[in-house]
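Only one structure is covered here, and it is reproduced in the block below.
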Amino acid sequence: PGQEAKRRKLLLRNSSSLEPSSPALSIWSDPDVVDWWTTDQLQQDSAVLAAIQEMQRYLLEWEASPKDPFWHRKSGKAVLSILICGREGPFQAYRGMNTEVSLPAGSFCAERAAIS
153 PGQEAKRRKL
163 LLRNSSSLEP
173 SSPALSIWSD
183 PDVVDWWTTD
193 QLQQDSAVLA
203 AIQEMQRYLL
213 EWEASPKDPF
223 WHRKSGKAVL
233 SILICGREGP
243 FQAYRGMNTE
253 VSLPAGSFCA
263 ERAAIS
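Take the position in the sequence shown, starting the count at 1, then add 152; the result is the number in my numbering.
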């Protein structure tokens, strides 16, 4: 069973014909078997779906905006994050992006930026 699970994992990872999906690993999962899900399987009022939709909007807006290399001059990579707050919808979304400034405070991660 271990080899079959690894083969399945490799097949899923390398197949471009599969719909966009995401792995769902948990402490109860077999580490060699990844369960895949799509957004169609999520409840319309779920926080996970709200986070995915907000991240898609954020990414589109970020890609369309001008970039200033000053803020990511160490790695040259921007990291975006979304923080979802609320117990039930409508959820409040907060956006964050990493900054890599050469200051005594150092760099700030995207998650910290979303929280602040």
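C-beta: ideal position from N, C-alpha, C; glycine also.
By the three-class DSSP mapping on this structure, what secondary structure does residue i have?
i: F222; result: helix
Once you ignore the five residues that flank residue i on each side, which residues in its own chain have a CB closer than 8 Å to its CB?
i: E252; result: W223, H224, R225, K226, S227 and S259
i: L266; result: Position check: residue 266 holds Ala in this sequence, whereas Leu was assumed. S233, I234, L235, Y246, R247 and G248, listed in sequence order.
i: K219; result: A230
i: E213; result: none
Does residue i pass the burial test, meaning 16 or more other C-beta atoms within 10 Å, or should it be called exposed?
i: A202; result: buried
For residue i and residue j, which I take to be in contact (beta-carbon distance under 8 Å), what is that distance rounded to the nearest angstrom?
i: I204; j: T191; result: 6 Å
Closer than 6 Å by C-beta to residue i: which residues in its own chain qualify, once you throw out the five before and the five after it? Chain order, please.
i: C261; result: N250
Among the options, whose alpha-carbon lies nearest the alpha-carbon of residue i?
i: C237; options: E206, Q195 and L194; result: E206
i: S198; options: R264, F243, W214 and Q208; result: F243
i: L211; options: A230, D220, S254 and L194; result: A230
Take residue i and list the residues in its own chain whose beta-carbon comes closer than 7 Å to its own, dropping the five residues that flank it on each side.
i: E263; result: S233 and G248
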